[in-house]
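Engineer: In my numbering, the protein residues as written are -11 to 285.
1. List, from N- to C-terminal side, the beta strand (DSSP E) runs of 3 residues or more that fit wholly inside the region -7 to 70.
2. Assuming contact is defined by CB atoms lying nearer than 7 Å, are residue 180 and residue 216 in contact in what I supplied?
3. Leaving out five residues before and five after residue 277 in sequence, what residues of the same chain have Cβ atoms less than 8 Å from its Cβ?
4. How would you write the range of the alpha helix (DSSP H) that residue 196 sits in, first residue to last?
5. Which class does residue 268 belong to by DSSP, given the choice of helix, strand or coil?
6. So the alpha helix (DSSP H) residue 181 belongs to, where does it begin and stop?
7. For residue 244, does the three-state DSSP call read helix, strand or coil?
8. Beta-carbon separation of residue 184 and residue 149 under 7 Å?
9. From which residue to which residue does the beta strand (DSSP E) around residue 157 run?
10. Between which two residues does the alpha helix (DSSP H) carrying residue 81 extend?
11. Just grab the DSSP bridge partners of residue 205 for me.
12. Per DSSP, what kind of secondary structure is residue 273 in: helix, strand or coil?
13. With DSSP collapsed to three states, give me the class of residue 220.
14. Please name the residue, chosen from 84, 94, 54, 43, that lies closest to residue 66 on a Cα-to-Cα basis.
Here's what the structure looks like:
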């Protein structure tokens, strides 16, 4: 593959073309990926890990992006905070964008701090009209700065706000439509939140505009009995695979990747999980009589 090949420009409101099936790029796998070029279509990197002037991580990233398309995924944009957008963060993000020339850039629909303090967590928002207007304005500022549309990811949540005026899925859909941004749909997060908040995850999927979904995340989580926590430290479970199958039926050929951030296994184990995602997608496409292309909204 050639990392200079990027998705074609989308029509207004539409997602970019699919990159296929990818993995999160993690340090334990750097050398094996560079040396063996495994059967992975693309890699996603955690932006903050490479927002530095130099060092070995950037060197490895340069080597790997010569062979694979790269997407940048952040955790610190804090798009929902009432603090001003972090100017230094945006400067560093732009610098990395110029170096990597990513297929796209994503972050989370959440807030991560206030009053200058970073809480290092992805915290849910109150789903109100004023919050919606606030987020839409800030997304516009970021997109103008970066010169591209960004993807926003739904977070897993463990609390809710009495002030919310709409559901999470309604809020996410409205942000995407009003800000003209795209969606990174985390299927595991939908499942986690559906258990924690007792809603039907299929209702969530059905409310998301098909043309806005650019990427899907898959991951594992920890079931603590009275709560499910999004930990990214274990294999994907069957209910999440089934929800991915439903997502594939609704959204068609969407770039899909697997996240593993703790207790990282040998690369072949993740490649086997990625093959399972491919098998599910192929089965759905055969059942639906399509070639993997996106279905009509």
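Think of the CB as a built atom: it goes at the ideal place given N, C-alpha and C, for glycine as much as any other residue.
Structural biologist: So, from the data block:
1. 9 to 12, 30 to 34, 58 to 61
2. One-based indexing of the chain shown puts residue 180 at position 192. One-based indexing of the chain shown puts residue 216 at position 228. Going by C-beta atoms, residue 180 is nearer than 7 Å to residue 216.
3. Residue mapping note: residue 277 aligns to position 289 of the chain shown, counting from 1. Hits under 8 Å: none found.
4. Mapped onto the chain shown, residue 196 falls at position 208. It is not in any alpha helix (DSSP H) - residue 196 carries neither H nor E in the DSSP assignment.
5. Counting from 1 along the chain shown, the entry for residue 268 is found at position 280. Looking at residue 268 - three-state DSSP - the assignment turns out to be helix.
6. Locating residue 181 in the chain shown gives position 193, where the first residue counts as 1. It spans 175 to 185 - the alpha helix (DSSP H) in which residue 181 sits, taken as one unbroken run.
7. Translated into the one-based positions of the chain shown, residue 244 becomes position 256. Strand at residue 244.
8. Residue numbering aside, residue 184 sits at position 196 when the chain shown is read from its first letter. Residue numbering aside, residue 149 sits at position 161 when the chain shown is read from its first letter. Their beta carbons are not under 7 Å apart, which means residue 184 does not touch residue 149 by this criterion.
9. Numbered from its first residue, the chain shown carries residue 157 at position 169. It is not in any beta strand (DSSP E) - residue 157 instead sits in the alpha helix (DSSP H) that spans 156 to 167.
10. By 1-based counting over the chain shown, the position of residue 81 is 93. That run of the alpha helix (DSSP H) goes 75 to 88.
11. For the purposes of this step, residue 205 is taken as the residue at position 217 of the chain shown. Residue 205 is bridged to 174, 245.
12. Walking along the chain shown from the start, residue 273 turns up at place 285. In the structure shown, residue 273 sits in a helix (DSSP, three-state: H, G or I).
13. Translated into the one-based positions of the chain shown, residue 220 becomes position 232. Note: residue 220 maps to coil in three-state DSSP.
14. Reading the chain shown from its first residue, position 78 is the one you call residue 66. The shortest C-alpha separation from residue 66 is found at 94.
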